[in-house]
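K.L.:
The sequence shown begins at 1 in the numbering used here and counts up one residue at a time. For each residue, glycine too, the CB sits at the ideal point set by N, CA and C. The model shown is predicted, which means the values in this text are computed figures rather than measured ones. Dropping the structure in here first, questions after.
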Amino acid sequence: MRTSIARALQLVLLILLALLVLTPLLWLVSTSLKGPAEDIFSSPPALLPSAPSVDAYIRLFQDNPLTTYLFNSTVVSGLAVLANLLFCSLAAYPLARLRFAGRGVVLALVVATILIPFQVVMIPLYLLMVQLGLRNTLLALVIPQAATAFGLYLLRQSFLGVPKELEEAARIDGCSRLGEWWNVMIPAAKADLITLAMFVFIGTWSDFLWPLVILDDPSLYTLPLGLQQLSSSFSLDWRIVAAGSVVSILPVLLLFVLLQRFILPNASGDAVKG
């Protein structure tokens, strides 16, 4: 009986905590659905719109090239995710499995780069992109995100947890080192690969500073830059700003909903084919 009461109280507490955390998001959605005649700054504030309307979303897409911003963000984020999964997994495998002189030093130097703020390398990176002729290109947004120290370290730790017997069995079957990486390590690290993909996607999708520095052409703006154009000192409609914020959040929520079932504790059984 006491256990049931404790579980019920715990459930109620978690529900209240979830509602508290979701309040800003609910307020954002509510603001985007309020009609032009409704006061969004009324006192006391109204959480639910009295007459829900999608007028803000219609004007958002009609008056702004939002589809272009969405396309650019999707391309940049997708390429950054693919590049991270490829390069980080290729670099993590030798650091996890191969024995060579200076392996620990290489790993320490790579991980130490996490401590360096992006603002420190932003100007050298900008000059490099200019010299390569990549300024005002979407490729300039992808290259800095193509590999991350976090991703390399995450996958190295994942590969270390894979039983060596699986590699030995693959080697007996005639697999090369590259074959072991593809047929053994990648399936076994599926959960960590998906976790890395989500982190990279969210970071690239919401990045504002670097696109602001490297892009001048409005046709190449990503979604955060495009949403920034919605607000100005002369004209500001908070309903449209809220609608744009909701649109920017939806892909991230959709990605999490689709991939959350794959984020499980690492299981080497994924690499075993019966």
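1. Going along the chain, which unbroken runs of the alpha helix (DSSP H) with 4 or more residues stay wholly within the segment 142-218?
2. Within 10 angstroms of the Cβ of L253, are there 16 or more other Cβ atoms? Answer buried if so, exposed if not.
3. With three or more C-beta pairs closer than 8 Å as the rule, is the segment 168-181 touching the segment 23-41?
4. Taking the alpha carbon of L357 as the point to measure from, which residue in F256, P251, A80, A243 has its own alpha carbon closest?
5. DSSP three-state label for D39, please.
6. Do three or more CB pairs link the segment 153-162 to the segment 80-95 at distances below 8 Å?
7. Taking the alpha-carbon positions, what's the A18 to W27 distance?
8. Hey, how far is the Cα of P49 from the Cα of S30?
9. So V142 and A197 are in contact, right, with Cβ under 8 Å, and what is the actual spacing, rounded?
10. If you follow the alpha helix (DSSP H) that L109 is in, where does it begin and where does it stop?
11. Let's test the definition: count the other Cβ atoms within 10 Å of the Cβ of L275 and tell me whether it reaches 16, buried, or not, exposed.
12. Between the alpha carbons of A56 and P65, how many angstroms are there, rounded?
13. Along the alpha helix (DSSP H) that carries F262, what are the first and last residues, could you check?
14. Rounded to whole angstroms, what is the Cα-Cα separation between T23 and R239?
P.N.:
So, from the data block:
1. 149-160, 164-172, 177-180, 190-205, 209-214
2. Position 253 of the sequence shown, counting from 1, holds the residue named residue 253. Looking at its Cβ environment, which holds fewer than 16 other Cβ atoms inside 10 Å, L253 is exposed.
3. no
4. This structure leaves residue 357 out entirely; the chain is present only between 1 and 274.
5. Taking the sequence shown and counting its residues from 1, one reaches residue 39 at position 39. In this structure, D39 counts as coil in the three-state DSSP scheme.
6. yes
7. In the sequence shown, counting from the first residue as 1, residue 18 sits at position 18. In the sequence shown, counting from the first residue as 1, residue 27 sits at position 27. Computed Cα separation, rounded: 14 Å.
8. Within the sequence shown, residue 49 is the residue found at index 49, counting from 1. Within the sequence shown, residue 30 is the residue found at index 30, counting from 1. Going from the Cα of P49 to the Cα of S30 covers about 6 Å.
9. Locating residue 142 in the sequence shown gives position 142, counting from the first residue. Locating residue 197 in the sequence shown gives position 197, counting from the first residue. At roughly 15 Å, the Cβ-Cβ gap does not stay under 8 Å, so V142 and A197 are not in contact.
10. Here the question's residue 109 lines up with position 109 in the sequence shown. It spans 103-112 - the alpha helix (DSSP H) in which L109 sits, taken as one unbroken run.
11. Past the boundaries of the shown model lies residue 275; the chain is included only from 1 to 274, so the question cannot be answered.
12. To locate residue 56, count along the sequence shown from 1; it is residue 56. To locate residue 65, count along the sequence shown from 1; it is residue 65. For A56 and P65, the distance between alpha carbons rounds to 14 Å.
13. Start at 1 with the first residue of the sequence shown, and residue 262 comes out as number 262. Element bounds for F262: n/a, residue is neither H nor E.
14. Residue 23 sits at position 23 when you count from the first residue of the sequence shown. Residue 239 sits at position 239 when you count from the first residue of the sequence shown. Rounded to whole angstroms, T23 to R239 spans 17 Å at the Cα level.
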